[in-house]
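Here's the structure we're looking at; comments come further down.
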Amino acid sequence: MKKTKIDHYTDKEALDFHSHKKPGKIEISSSKNMTTKRDLALAYSPGVAAPVRAISENPEAAFDYTSKGNLVAVISNGSAILGMGNLGALASKPVMEGKAVLFKRFADIDSIDLEIDSSDPDEIINSIKNFAPTFGGINLEDIAAPDCFIIEQKLKEILDIPVFHDDQHGTAIITTAALINALDISKKKIDKIKVVVNGAGASAMACTNLFKKSGVPQKNITMIDRTGVIYRGRENLNQWKSSHAIETSDRNLDDAIENADVFLGLSAKGALTKAMVKKMAKNPIIFACANPDPEITPEEIEEVRNDAIIATGRSDYPNQVNNLIGFPYIFRGALDVRSKTINEEMKVAAAHAIADLAKQDVPDEVVAAMGGERPHYGKEYIIPSTFDPRLISVIPAAVAKAAIDTGVARIKIDNFETYKDQLKQRLDPTVTIMQGINTYIKRKPKKVVFADGEDENTLKAAIAFKNSKLGTPILVGKESLINDQIKKIGYNDNFDIEIVNSKDKIKREKYVKYLFKKLQREKGMLEWDCDRLIRNDRVIWASCMVACGDADAMVTGNTRRYSSSLEKIVKVVDSRPGEIMFGLNLVVNRGKTIFICDTSVIEYPDAKQLAEMAKSAARVVRLFGFDPKVAFLSHSTFGEPATDRTKRLSDAVEILKKSAVDFKFDGEMQPDVALEEMYKELYPFSKIVGNSNVLIMPSQHSAAISYKMIKSMSRAKVIGPLLIGLGLPIEIAPLRSSTSEILNLASIASYSADVIDYKN
Numbered sequence: 005m006k007k008t009k010i011d012h013y014t015d016k017e018a019l020d021f022h023s024h025k026k027p028g029k030i031e032i033s034s035s036k037n038m039t040t041k042r043d044l045a046l047a048y049s050p051g052v053a054a055p056v057r058a059i060s061e062n063p064e065a066a067f068d069y070t071s072k073g074n075l076v077a078v079i080s081n082g083s084a085i086l087g088m089g090n091l092g093a094l095a096s097k098p099v100m101e102g103k104a105v106l107f108k109r110f111a112d113i114d115s116i117d118l119e120i121d122s123s124d125p126d127e128i129i130n131s132i133k134n135f136a137p138t139f140g141g142i143n144l145e146d147i148a149a150p151d152c153f154i155i156e157q158k159l160k161e162i163l164d165i166p167v168f169h170d171d172q173h174g175t176a177i178i179t180t181a182a183l184i185n186a187l188d189i190s191k192k193k194i195d196k197i198k199v200v201v202n203g204a205g206a207s208a209m210a211c212t213n214l215f216k217k218s219g220v221p222q223k224n225i226t227m228i229d230r231t232g233v234i235y236r237g238r239e240n241l242n243q244w245k246s247s248h249a250i251e252t253s254d255r256n257l258d259d260a261i262e263n264a265d266v267f268l269g270l271s272a273k274g275a276l277t278k279a280m281v282k283k284m285a286k287n288p289i290i291f292a293c294a295n296p297d298p299e300i301t302p303e304e305i306e307e308v309r310n311d312a313i314i315a316t317g318r319s320d321y322p323n324q325v326n327n328l329i330g331f332p333y334i335f336r337g338a339l340d341v342r343s344k345t346i347n348e349e350m351k352v353a354a355a356h357a358i359a360d361l362a363k364q365d366v367p368d369e370v371v372a373a374m375g376g377e378r379p380h381y382g383k384e385y386i387i388p389s390t391f392d393p394r395l396i397s398v399i400p401a402a403v404a405k406a407a408i409d410t411g412v413a414r415i416k417i418d419n420f421e422t423y424k425d426q427l428k429q430r431l432d433p434t435v436t437i438m439q440g441i442n443t444y445i446k447r448k449p450k451k452v453v454f455a456d457g458e459d460e461n462t463l464k465a466a467i468a469f470k471n472s473k474l475g476t477p478i479l480v481g482k483e484s485l486i487n488d489q490i491k492k493i494g495y496n497d498n499f500d501i502e503i504v505n506s507k508d509k510i511k512r513e514k515y516v517k518y519l520f521k522k523l524q525r526e527k528g529m530l531e532w533d534c535d536r537l538i539r540n541d542r543v544i545w546a547s548c549m550v551a552c553g554d555a556d557a558m559v560t561g562n563t564r565r566y567s568s569s570l571e572k573i574v575k576v577v578d579s580r581p582g583e584i585m586f587g588l589n590l591v592v593n594r595g596k597t598i599f600i601c602d603t604s605v606i607e608y609p610d611a612k613q614l615a616e617m618a619k620s621a622a623r624v625v626r627l628f629g630f631d632p633k634v635a636f637l638s639h640s641t642f643g644e645p646a647t648d649r650t651k652r653l654s655d656a657v658e659i660l661k662k663s664a665v666d667f668k669f670d671g672e673m674q675p676d677v678a679l680e681e682m683y684k685e686l687y688p689f690s691k692i693v694g695n696s697n698v699l700i701m702p703s704q705h706s707a708a709i710s711y712k713m714i715k716s717m718s719r720a721k722v723i724g725p726l727l728i729g730l731g732l733p734i735e736i737a738p739l740r741s742s743t744s745e746i747l748n749l750a751s752i753a754s755y756s757a758d759v760i761d762y763k764n
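Those letters in the sequence shown? Residues 5 to 764, per this note's numbering, in order.
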């Protein structure tokens, strides 16, 4: 069973992350334009009076005229924060903000965190009851048992919106999905199995309840708390534990595990021993879900059994029981039909949807999103990956349908296929793309040289690259300066990243020899000129490292202008055979992904260069999992108006027509014609009008201006510019790039080193 180490970050890095720019992780932004006096009048007084009257006459209209229908409150009193215990309401705020971010990231649900400073269940219930009309759903989080049971049950009785304690039900839904498939693989029937649940907290009880709802007889489930087996007649059991008591002579885990088919651990590290695993039935199912360390490791299980199906709560083993597979999508489906609750039928529907998804063949676009890995249903793949982009369309649809079928939905969905397509558009493609790339390069780690090692953001990116197990970073710079920066970031002197510079005489002599051989005739340079370049320029040095095989890939920039970095790199590296160099930016805004070129290299390309850009861009776009549809952009559309400047573009189209390329293209056209569907009926002869995703700009000026305006004036996400056509995997970060932007480029360079043949 494959395992990698968990990522590690210093406290200072975490604190810097949470305090950088604007403190915290969430903000409020307007969904309407607020630019004119008329806009303000419509948004507030007097225009706001119309929806006020409509809602007063019909409360259901709040879903139509306010954000209620897509707004979830994430609520805690801080009595059970992660694994840290009762640290108070205010201390829970970073966690609740994080939960709000996950709602937005995975399901496009707006969320606000609310921390209630009280340990009185009645007071918490009353508080939530009074502000609940604001929200479409309530997510309870990190509230200790048994208060969480009392609070959730009472709120479900008095509120007409979904109330969901994720610590309980999220874990239960994912675990039930895993159980369904594990039983299928091991050829066991759910009504015949013997289950042992080690732990009696909120999640353990919710899992047990859902197991029973799914068909496991109560008498077949043994629950164990810190005292031992919960059996009938045991004294001092509360009402929740009493509901799980059974007639049994077993008194501890060692007794109960004899011939058990299923072990579910929601307890503590080391609770299950190898000796106990030996006593389990044939083809045992072991879900060791204690965090951060499971009740028993998969390696320990495999030392004594080779027939076990294993799941844990950790991302570094197969079959991770992760609530992220559940709660965002469950709320998405519930909100979309304006459900009054999340009932047991909706939970069971979610569990079966998750289980069914793992059984399906994984399509190519999902393989790309998961880093080129095609998992197959079996012992090590019983639940889908959190990276699987199909989750957003499959789970909400199942939950919504169950809500409609059980009569708790306020509205119906007429066409579920259309609904699924709409759900897919909510996913952020940049995240899916980078997840796929990072998953891929983790399996084939490369050495990536970070040329600007003394720069703080570059250094942080290199540290993140190492800690995330994406590959091996190499820093170029002075050791003393880099070590000072490392201490500033919060690491100690023993931090282990290779630092290189021109003091390394062996490498220096090798690079001088390489560079002199390349430049002596082309540039008329002498050997000492090359030595001076190698000694004095870290970009030249780093480029030589890749060219001479001492590193697989490289990232630079951030401390100088793009053109300055490129000028140095091309002294060392030629263009890829048969290609020209250009810059390509990936831009995502409101769910739409486009690629813009040339943003950084050729100032005013001719028709042949434009055609070559289109060919190379199409090749790269396919590497990211997209079907290229290339539009040549201009101020005119199909020759109207025709000018000397548009002829280059129409000539490029003609060149491609004669080249018999394997992608769709057209032009010249204006950007709105390329991107907006309403123009399809005006130009029915074109296959790319309204759905283009590769935009070839007429010049570097227009390309750079366009993507930088989009990035600066909208919430668009930008990756790049990617340097296309260079003969080695080297990327240049724009001046003053963030740590994340540099990290993304390092990952892409590493990915390119493996998937691109730079010799042909």
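Note that the Cβ used here is the ideal one computed from N, Cα and C, for glycine as well.
Specify, as a first and last residue, the run of the beta strand (DSSP E) that residue i falls within.
i      : result
Asn593 : Phe586 to Asn593
Ser80  : Leu75 to Ser80
Determine the direct distance from the alpha carbon of residue j to that of residue i, and round the result to whole angstroms.
i      : j      : result
Lys511 : Tyr518 : 11 Å
Asp15  : Lys451 : 27 Å
Val403 : Asp554 : 53 Å
Ala181 : Ile387 : 7 Å
Asn263 : Asn287 : 11 Å
Asn323 : Cys293 : 11 Å
Ser246 : Gly140 : 34 Å
Gly724 : His24  : 22 Å
Val559 : Pro702 : 28 Å
Ser579 : Ile728 : 9 Å
Ala260 : Val281 : 11 Å
Ala18  : Ser271 : 27 Å
Ser49  : Val56  : 11 Å
Lys521 : Ile700 : 37 Å
What residue does the alpha helix (DSSP H) around residue i start on, and which one ends it?
i      : result
Leu537 : Glu531 to Asn540
Val352 : Glu348 to Lys363
Lys575 : Tyr566 to Val576
Let me check understanding here. Comparing Cα to Cα, which of the options lies closest to residue i?
i      : options                           : result
Asp556 : Tyr755, Gly481, Ile600 and Met529 : Tyr755
Gly629 : Pro288, Asn471 and Thr597         : Thr597
Val398 : Met438, Ala357 and Asp365         : Ala357
Lys383 : Arg719, Ile30, Leu183 and Asn143  : Leu183
Pro449 : Thr476, Gln426 and Gln429         : Thr476
Ser33  : Phe21, Ala58 and Ser71            : Ser71
Thr345 : Thr316, Lys509 and Val412         : Val412
Gly582 : Lys763, Leu86 and Ser389          : Lys763
Ile313 : Lys273, Asn327, Asp171 and Phe267 : Phe267
Gly643 : Leu679, Asn143 and Met673         : Met673
Pro125 : Ala186, Lys473 and Ala148         : Ala148
Tyr814 : Ala315, Leu395, Ser389 and Tyr321 : Residue 814 is absent from the structure shown; the chain starts at 5 and stops at 764.
Thr231 : Gly274, Glu616 and Asn202         : Asn202
Look up residue i in the DSSP assignment and say whether it is helix, strand or coil.
i      : result
Lys6   : Any reading at Lys6 must be qualified, since the residue scores a pLDDT of 42, below 50, and its modelled position is unreliable; no value is offered.
Lys97  : helix
Tyr385 : strand
Asn90  : coil
Phe291 : strand
Thr14  : coil
Tyr235 : strand
Tyr755 : helix
Ile662 : According to the sequence provided, residue 662 is Lys. The question's Ile does not apply to it. In this structure, Lys662 counts as helix in the three-state DSSP scheme.
Gly475 : strand
Pro137 : helix
Cys211 : helix
Phe391 : coil
Leu46  : helix
Meets three-Cβ-pair contact criterion under 8 Å: the segment 578–597 and the segment 617–634: The segment 578–597 vs the segment 617–634: in contact.
Contact the segment 334–353 vs the segment 206–221: 3+ CB pairs below 8 Å: Put simply, the segment 334–353 touches the segment 206–221. At least three CB pairs are less than 8 Å apart.
Segment contact, 8 Å Cβ cut-off, at least three pairs: the segment 557–565 with the segment 688–695: Judged by Cβ distances under 8 Å, the segment 557–565 makes no contact with the segment 688–695, as fewer than three pairs qualify.
Cβ pair count under 8 Å reaching 3, the segment 435–444 against the segment 706–719: Contact fails: fewer than three Cβ-Cβ distances are below 8 Å.
Sufficient close CB pairs (3 or more, under 8 Å) joining the segment 39–53 to the segment 104–116: At 8 Å Cβ cutoff, the stretches do not touch.
Given 8 Å, three or more beta-carbon pairs between the segment 112–127 and the segment 74–93: Judged by Cβ distances under 8 Å, the segment 112–127 makes contact with the segment 74–93, as three or more pairs qualify.
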